[in-house]
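Residues 347 to 983 in this note's numbering are what the sequence shown spells out, letter by letter.
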Amino acid sequence: MLYGAIFRSKWPAARIRAVNLEKVRTAPGIRAAVPAHEGEFSVHYYGEELAAVAGVSRQAVLDALPLIEVDATPLPFVVNELDAIKEDAPRVNPDRPNLGGGQVRETGNVDEAFAAAAATVEGTFNTQVEIHHPMEPHGNVVVFEGDEMTAWSSTQGVFGVRDQFARELGLPQNKVRVICEHMGGGFGSKFNAGAEGILCAKLAQAAKAPVKLVLTRFEQALAVGNRPSSFQKIRLAADRDGKLTAFALDSFGTAGFGSGSSSAGGSGGAGFPAPYIYVPPNRRVKQAGVAVNAGSARPMRAPGHPIASFGMEGILDDLAVKLGMDPLEIRLKNDPYDIRLREYAIGAEKFGWKQKYRKPGASAGPLKVGVGCAGAAWMSGGDGTQAELQVNPDGTVEVRCGTQDLGTGSRTVVAVVAAEMLGLEPKMISVRIGDTRLPPSGASGGSRTTASVAPAIYDACENTLAELKKISGIEDPRGPRWPEVCAKLGRNPLVVSGRWREGLSRGGAGGVQFAEVEVDTDTGFVKVRKMLVVQDCGTVVNRLTCESQVHGGVIMGIGFALYEQRVMDARTGVVLNPNLETYKLPGAADMPEIEVILLDMPERGVIGVGEPVTVRPAAAAGRVSPRPTSTCRPTGG
Numbered sequence: 347m348l349y350g351a352i353f354r355s356k357w358p359a360a361r362i363r364a365v366n367l368e369k370v371r372t373a374p375g376i377r378a379a380v381p382a383h384e385g386e387f388s389v390h391y392y393g394e395e396l397a398a399v400a401g402v403s404r405q406a407v408l409d410a411l412p413l414i415e416v417d418a419t420p421l422p423f424v425v426n427e428l429d430a431i432k433e434d435a436p437r438v439n440p441d442r443p444n445l446g447g448g449q450v451r452e453t454g455n456v457d458e459a460f461a462a463a464a465a466t467v468e469g470t471f472n473t474q475v476e477i478h479h480p481m482e483p484h485g486n487v488v489v490f491e492g493d494e495m496t497a498w499s500s501t502q503g504v505f506g507v508r509d510q511f512a513r514e515l516g517l518p519q520n521k522v523r524v525i526c527e528h529m530g531g532g533f534g535s536k537f538n539a540g541a542e543g544i545l546c547a548k549l550a551q552a553a554k555a556p557v558k559l560v561l562t563r564f565e566q567a568l569a570v571g572n573r574p575s576s577f578q579k580i581r582l583a584a585d586r587d588g589k590l591t592a593f594a595l596d597s598f599g600t601a602g603f604g605s606g607s608s609s610a611g612g613s614g615g616a617g618f619p620a621p622y623i624y625v626p627p628n629r630r631v632k633q634a635g636v637a638v639n640a641g642s643a644r645p646m647r648a649p650g651h652p653i654a655s656f657g658m659e660g661i662l663d664d665l666a667v668k669l670g671m672d673p674l675e676i677r678l679k680n681d682p683y684d685i686r687l688r689e690y691a692i693g694a695e696k697f698g699w700k701q702k703y704r705k706p707g708a709s710a711g712p713l714k715v716g717v718g719c720a721g722a723a724w725m726s727g728g729d730g731t732q733a734e735l736q737v738n739p740d741g742t743v744e745v746r747c748g749t750q751d752l753g754t755g756s757r758t759v760v761a762v763v764a765a766e767m768l769g770l771e772p773k774m775i776s777v778r779i780g781d782t783r784l785p786p787s788g789a790s791g792g793s794r795t796t797a798s799v800a801p802a803i804y805d806a807c808e809n810t811l812a813e814l815k816k817i818s819g820i821e822d823p824r825g826p827r828w829p830e831v832c833a834k835l836g837r838n839p840l841v842v843s844g845r846w847r848e849g850l851s852r853g854g855a856g857g858v859q860f861a862e863v864e865v866d867t868d869t870g871f872v873k874v875r876k877m878l879v880v881q882d883c884g885t886v887v888n889r890l891t892c893e894s895q896v897h898g899g900v901i902m903g904i905g906f907a908l909y910e911q912r913v914m915d916a917r918t919g920v921v922l923n924p925n926l927e928t929y930k931l932p933g934a935a936d937m938p939e940i941e942v943i944l945l946d947m948p949e950r951g952v953i954g955v956g957e958p959v960t961v962r963p964a965a966a967a968g969r970v971s972p973r974p975t976s977t978c979r980p981t982g983g
């Protein structure tokens with residue numbers, strides 16, 4: 347097997363006239379070198395791909411990379427959003443301004459509603475660029491056997507990656523196989539093959555040998571996605587009872603050099619849902635994207651929602667202060683979702699909200715303790731997944747499905763559903779997933795995996811029981827007669843298929859969180875003491891994995907609120923914290939007590955929970971702490 351590495355741009359912006367690979371191809375131990383682009387092209391950020399090299403060892407490749415010669419003209423660049431919107435800023439894309447025109451949506455008479463309101467507040471709420479940083483970096487191992495290609499990829503969607511490989515390399519889809527049996531997280535950054543995957547495949551094709559190409563942590567910070575930033579100016583108005591009457595948002599943010607568009611896998615701009623959860627009758631929303639010389643954004647756990655929640659929940663708290671209301675009370679008056687109102691009631695009692703809530707400024711001394719709460723919404727649901735179930739004559743069962751397990755427990759969910767439906771112990775079930783040779787399934791993201799896979803397994807099990815009944819003549823093949831029924835299969839196993847069915851899963855999940863936070867106003871040190879989560883998740887298929895998802899989402903949300911931020915040097919265009927020493931991910935010692943209450947509601951079918959639990963911590967915990975990126979001043983009323 348050969349080892350691959352990518353040669354990247356040292357310029358944040360440049361016109362590349364030629365990339366010369368002649369010398370590197372003759373270097374000791376080098377077996378292949380391929381360009382990232384043909385002909386002249388432009389680079390838009392530090393670290394963009396120029397070429398890739400494969401050799402007999404990683405050291406041989408690293409020694410050879412400096413032999414690549416590049417004919418380039420450096421260009422002016424800008425990496426800061428506030429600098430990028432200035433009139434004299436360098437244009438990231440020569441054919442259009444850095445600040446997009448923005449879209450304006452208006453409902454009702456906003457100006458009239460603000461003028462008539464009993465209370466009005468306005469504030470600025472800014473959020474930073476966040477990097478995915480899954481524990482397992484992006485990587486591929488690719489091998490060609492004749493005209494067929496097999497890739498072992500760290501991906502959230504084996505079928506989508508297969509299709510991209512086929513398209514980029516000009517291969518039929520049936521000649522490309524992608525496998526991902528186990529992986530260490532993606533958080534939205536691994537839906538595509540990416541430039542790194544395509545270059546790995548081209549190296550394997552050129553070298554006629556297997557190639558392994560895994561990105562370093564430094565590369566992860568540059569080129570494989572991030573959560574966009576936001577700069578939000580919000581006005582909110584209400585009547586004397588706290589009922590919202592008007593909302594206005596003017597926001598912009600950056601999703602990188604192309605507002606999120608990139609042939610290498612970027613997607614999504616800097617927009618977010620607004621107004622979030624609470625929808626006044628009169629509202630005006632303006633959102634725009636800002637191009638900067640930095641890597642494109644990719645979807646990141648609950649795309650747009652933590653940003654939206656931070657601003658909306660924050661301005662709602664400010665309005666509660668203006669009206670002299672309890673923050674929980676104003677939410678109960680304006681939340682349109684019955685299940686979330688129920689969750690607030692359950693959570694407030696368990697958390698002890700009435701005993702803990704104090705008006706801002708009520709406590710003396712530098713050490714302040716406050717509480718906050720926030721809600722979230724997420725539209726998930728399932729889609730077209732297929733599954734196959736094989737019953738062997740000895741009674742064991744194999745379930746096959748092309749989904750993938752990101753480390754969230756999808757494999758366990760498959761086994762649990764099959765075992766319960768067939769009346770077996772999970773140890774009797776073997777599970778094969780993560781392979782494009784298996785029945786097709788969608789990508790794992792958007793809290794859709796369990797809601798897509800579980801109904802397909804359920805359907806396959808129902809069909810299997812019906813077939814076994816026909817074969818054996820036994821009304822219910824489950825239970826003590828299972829071995830007898832399976833023995834009637836003779837030498838040939840029974841193979842039955844199933845597919846996702848409408849009604850077995852549901853879209854739409856609501857949840858709330860309560861936070862208790864300690865702030866030292868002398869030092870600025872913030873400590874989250876406790877988080878309590880009440881989450882709607884329909885049928886709880888596996889409680890341990892479900893609770894694990896909730897814990898992970900809360901931890902990630904706290905990281906976004908208090909720890910994580912990509913820092914760039916405006917003079918060089920370089921990411922200054924591209925490693926886990928300087929990019930501060932929260933650790934175990936930083937985490938509070940996390941209490942989880944799951945609303946097990948079987949009548950709602952299967953609902954995913956990975957996204958909504960990440961939305962609220964930034965609003966619930968971050969709002970309590972002093973934030974240099976958020977200011978508010980009361981107006982009107």
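The C-beta atom is built at its ideal place from N, Cα and C for all residues, glycine as well.
Review point. Around the C-beta of Phe871, are 16 or more other C-beta atoms found within 10 angstroms, so that it is buried, or is it exposed?
Key: Residue mapping note: residue 871 aligns to position 525 of the sequence shown, counting from 1. Exposed.
*asked:* Closest to Val303 by C-alpha separation, out of Lys773, Leu445 and Gly905, would be which residue?
replied: Past the edges of the chain, shown from 347 to 983, lies residue 303, and the structure says nothing about it.
- Check the DSSP bridge columns for Asp596 and list the partner residues they point to. For the purposes of this step, residue 596 is taken as residue 250 along the sequence shown, with counting starting at 1. Answer by DSSP bridge pairing, in chain order: Lys579 and Lys632.
* Between which two residues does the beta strand (DSSP E) carrying Met877 extend? -> Taking the first residue of the sequence shown as 1, we reach residue 877 at position 531. Where Met877 is concerned, the enclosing beta strand (DSSP E) stretches over Val872 to Asp882.
### Query
Where in the stretch 480–563 do unbroken runs of the beta strand (DSSP E), each at least 3 residues long, occur, reported from the N-terminal end onward?
485–491, 494–499, 522–525 and 557–560
How is Lys369 classed by DSSP in three states: helix, strand or coil? For the purposes of this step, residue 369 is identified with residue 23 of the sequence shown, where counting begins at 1. Lys369 falls in the helix class under three-state DSSP.
- Task: Run through the stretch 798–841 for me and flag every whole alpha helix (DSSP H) of 4 or more residues, listed as ranges in chain order.
- Result: 828–833
ask   = Is DSSP giving Tyr392 helix, strand or coil here?
value = In the sequence shown, counting from the first residue as 1, residue 392 sits at position 46. Here Tyr392 sits in coil by DSSP.
*Hey, would you say Ile901 sits closer than 8 Å to Met947, going by beta carbons?*
Counting from 1 along the sequence shown, the entry for residue 901 is found at position 555. Counting from 1 along the sequence shown, the entry for residue 947 is found at position 601. No. Outside cutoff.
Check your understanding: Would a C-beta distance cut-off of 8 Å place Gly857 and Pro786 closer than the cut-off?
Key -> Taking the first residue of the sequence shown as 1, we reach residue 857 at position 511. Taking the first residue of the sequence shown as 1, we reach residue 786 at position 440. It is not a contact, given that the beta carbons lie outside the stated cut-off.
Exercise. Under three-state DSSP, which class holds Val762?
Worked result: Within the sequence shown, numbered from 1, the residue matching residue 762 stands at position 416. Val762: helix per DSSP, three-state reduction.
Subject >> Buried or exposed (CB count within 10 angstroms, at least 16 for buried), Ile362 >> reply: Position 16 of the sequence shown holds residue 362. The residue in question, Ile362, is buried, as its Cβ has 16 or more Cβ neighbours within 10 Å.
**Cβ neighbour criterion (16 or more within 10 Å) applied to Ser609** = As a working note, residue 609 is residue 263 in the sequence shown. With a pLDDT of only 38 at Ser609, under the threshold of 50, the placement of this residue in the model should not be trusted, and no figure is reported.
Report all residues from its chain with a CB closer than 8 Å to the CB of Val743; omit the five preceding and five following residues, and keep chain order.
-> Here the question's residue 743 lines up with position 397 in the sequence shown. Around Val743: Leu735, Gln736, Val737, Ala764, Leu768, Leu770, Met774, Ile775 and Ser776.
Output yes or no for whether 8 Å exceeds the beta carbon distance between Gly727 and Met646. Position 381 of the sequence shown, counted from the first residue, corresponds to residue 727. Position 300 of the sequence shown, counted from the first residue, corresponds to residue 646. No, the pair does not count as a contact, with Cβ atoms beyond the cut-off.
Proximity of Gly543 and Val504 at Cβ, strictly below 8 Å | Mapped onto the sequence shown, residue 543 falls at position 197. Mapped onto the sequence shown, residue 504 falls at position 158. Taking 8 Å as the Cβ cut-off, Gly543 and Val504 do not qualify as a contacting pair.
#### Entry: Beta carbon of Ile692 nearer than 8 Å to that of Ile943
Residue mapping note: residue 692 aligns to position 346 of the sequence shown, counting from 1. Residue mapping note: residue 943 aligns to position 597 of the sequence shown, counting from 1. Against a cut-off of 8 Å, the Cβ pair of Ile943 and Ile692 comes out as a contact.
| message | Please tell me whether Val365 and Leu549 are closer than 8 Å, where the distance is taken between their beta carbons. | response | The residue you call residue 365 lines up with position 19 of the sequence shown. The residue you call residue 549 lines up with position 203 of the sequence shown. The answer is no: Cβ separation not under 8 Å.
>> Quick test of your reading: Thr453 and Gln578, contact by CB under 8 Å. State the CB separation rounded to the nearest angstrom.
In response: Walking along the sequence shown from the start, residue 453 turns up at place 107. Walking along the sequence shown from the start, residue 578 turns up at place 232. 19 Å between Cβ atoms; not a contact.
>> In whole angstroms, give me the CA-to-CA distance for Lys554 and Met658.
In response: As a first step, residue 554 is located in the sequence shown; it is residue number 208 there, counting from the start. As a first step, residue 658 is located in the sequence shown; it is residue number 312 there, counting from the start. When rounded, the distance between both Cα atoms is 55 Å.
*Might you give, ordered along the chain, the residues of its own chain that have their beta carbon closer than 6 Å to the beta carbon of Asn923, omitting 5 neighbours on each side?*
Along the sequence shown, read from residue 1 onward, the residue named residue 923 stands at position 577. Around Asn923: Val913 and Tyr929.
- Going straight from the alpha carbon of Pro358 to that of Leu348, what length do you get? Within the sequence shown, numbered from 1, the residue matching residue 358 stands at position 12. Within the sequence shown, numbered from 1, the residue matching residue 348 stands at position 2. Roughly 30 Å separates the two Cα atoms.
Q) Looking at Gly635 and Ala594, is the spacing between their C-beta atoms short of 8 Å? A) If you number the sequence shown from 1, residue 594 lands on position 248. If you number the sequence shown from 1, residue 635 lands on position 289. No, Cβ-Cβ distance for Ala594 and Gly635 is not below 8 Å.
Assuming Ala892 and Val799 are in contact, meaning their beta carbons sit under 8 Å apart, how far apart are those beta carbons, in whole angstroms? Position 546 of the sequence shown holds residue 892. Position 453 of the sequence shown holds residue 799. What sits at residue 892 in the sequence shown is Cys, not Ala. Contact doesn't hold; Cβ gap of about 14 Å is too wide.
The ligand PLP heavy atom lying under 7 Å from the CB of Ser798: Ligands in the displayed structure: none, and consequently the ligand PLP is not present.
Q | Selected residue, minimal CA-CA separation from Gly615, among Val631, Asn628 and Ser642 | A | Position 269 of the sequence shown, counted from the start, is the residue given in the question as residue 615. Nearest of Val631, Asn628 and Ser642 to Gly615, Cα basis: Ser642.
Who pairs with Met323 in a beta bridge, going by DSSP? Nothing in the structure corresponds to residue 323, since the chain is present only between 347 and 983.
Quiz item: Are Arg778 and Arg746 close, meaning C-beta to C-beta below 8 Å?
Solution: As a working mapping, residue 778 is identified with position 432 in the sequence shown. As a working mapping, residue 746 is identified with position 400 in the sequence shown. Cβ atoms of Arg778 and Arg746: closer than 8 Å.
- Item | Rounded straight-line distance, which links the Cα of Gln405 to that of Pro483 | By one-based count along the sequence shown, residue 483 stands at place 137. By one-based count along the sequence shown, residue 405 stands at place 59. Those two C-alpha atoms are separated by around 19 Å.
Check: How would you call Gln895, buried or exposed, if buried means at least 16 neighbouring beta carbons within 10 angstroms?
Finding: For the purposes of this step, residue 895 is taken as residue 549 along the sequence shown, with counting starting at 1. Gln895 comes out buried.
**OP:** Please state whether DSSP places Tyr349 in a helix, a strand or coil.
**Re:** Taking the sequence shown and counting its residues from 1, one reaches residue 349 at position 3. Strand.
| query | Based on the DSSP secondary-structure assignment, which residues constitute the bridge partners of Thr928? | reply | One-based indexing of the sequence shown puts residue 928 at position 582. Partner(s): none; Thr928 has no beta bridge.
*Is the beta carbon of Val961 sitting closer than 8 Å to the one on Glu862?*
Taking the first residue of the sequence shown as position 1, residue 961 is located at position 615. Taking the first residue of the sequence shown as position 1, residue 862 is located at position 516. Result no, Cβ atoms of Val961 and Glu862 do not sit closer than 8 Å.
**Request:** Ignore the nearest five residues each way along the sequence and tell me which others in Val886's own chain have a CB closer than 7 Å to its CB.
**Result:** Here residue 886 is taken as the residue at index 540 of the sequence shown, counted from 1. So the qualifying residues of the chain are Cys892, Leu944 and Asp946.
Pull up the distance between the alpha-carbon of Gly375 and that of His478, whole angstroms please.
-> On the sequence shown, position 29 is the one that residue 375 refers to. On the sequence shown, position 132 is the one that residue 478 refers to. Looking at the two C-alpha atoms, the distance is approximately 34 Å.
Next on the checklist: Runs of 3 residues minimum, wholly inside the stretch 731–782: which ones carry the beta strand (DSSP E) assignment?
Outcome noted: 732–737, 743–746 and 775–778
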